[in-house]
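Participant: Every letter in the sequence shown is one number past the one before it in the working numbering, and letter 96, counting from 1, is 93.
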Amino acid sequence: MMPNRTKSVLAHLYFNPKTHKIGIPVRPIENTIGAPTTNISDFLDEIIRPIFDSKCGPTSIIDGASLLKELYKYIKKGLFKASTLFCTFDIRNLYTMLPQEEALDILIEFLHVHGYTKVKGISLDTIRILAAIVLQENVCVYNNKIYKQMLGGAMGSSFTLTLANIFMWKWQKEFVRRQDISGEFYGR
């Protein structure tokens, strides 16, 4: 997990336009290849994403095909009606706006709730410390200036996606419980 001191580089920031949005805002992306926290981020993603996928897979829509598959199941149960409503939400800048301490708390809560005191032999305290390094020691270069990210995680860091999904797990778990009781379909 240690960065290679001779090959490490600072992440560099660039922007991708969101052409599907009104006003065409931009999405900040950090190229973290070779960045000092990349190995830790990749490691955490490798050990925690499978847990998230196994526990939250039924509510995760990864592409159009998985949405159609879930809707087909809903139809087969006889729940789809003429009055069925579809609703979508867009959480703007989720990855880059995550409250860091709250996200770390929710990460540990998620692992606890699912029966983990260790993951691959690593204590939850150590996992929290490693996750904090990924979030709180994130720096990047833009226009020849160095910036430290103070909120959220790097869009471009592998663990940021998993952490954002776990953050949303906390928000959605009560909603999903109610949807399950009523037989309604929920996917994110």
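Here a beta-carbon is modelled for each residue, glycine too, at the ideal position from N, C-alpha and C.
#1: In whole angstroms, what is the alpha-carbon distance linking V110 and A100?
#2: DSSP state of E43, grouped into three classes?
#3: Across which residues does DSSP place H17 in a beta bridge pair?
#4: So does the segment 111 to 121 actually touch the segment 41 to 60, counting three or more Cβ pairs closer than 8 Å?
#5: Which residue or residues does DSSP assign as beta-bridge partners of H9?
#6: Pull up the DSSP beta-bridge partners for Y144, would you.
#7: Once the 5 residues before and after W166 are set aside, which same chain residues still bring their CB inside 7 Å of it?
#8: With DSSP as the reference, please indicate the residues paired to I72 in a beta bridge.
#9: Determine the DSSP secondary structure at I58, reduced to helix, strand or coil.
#10: Going straight from the alpha carbon of R174 to that of T157, what length do you get?
Facilitator: The answer reads as follows:
#1: When rounded, the distance between both Cα atoms is 15 Å.
#2: Helix.
#3: According to DSSP, H17 bridges with nothing at all.
#4: Because the criterion of three Cβ pairs below 8 Å is met, the segment 111 to 121 and the segment 41 to 60 touch.
#5: Answer by DSSP bridge pairing, in chain order: N28 and V138.
#6: DSSP output for Y144 lists C137 as bridge partner(s).
#7: Excluding its 5 nearest sequence neighbours in each direction, W166 has C-beta neighbours in its own chain below 7 Å: C53 and F107, listed in chain order.
#8: For I72, which the question treats as bridged, DSSP gives no partner whatsoever.
#9: Three-state result, I58: coil.
#10: Rounded to the nearest angstrom, the two C-alpha atoms are 25 Å apart.
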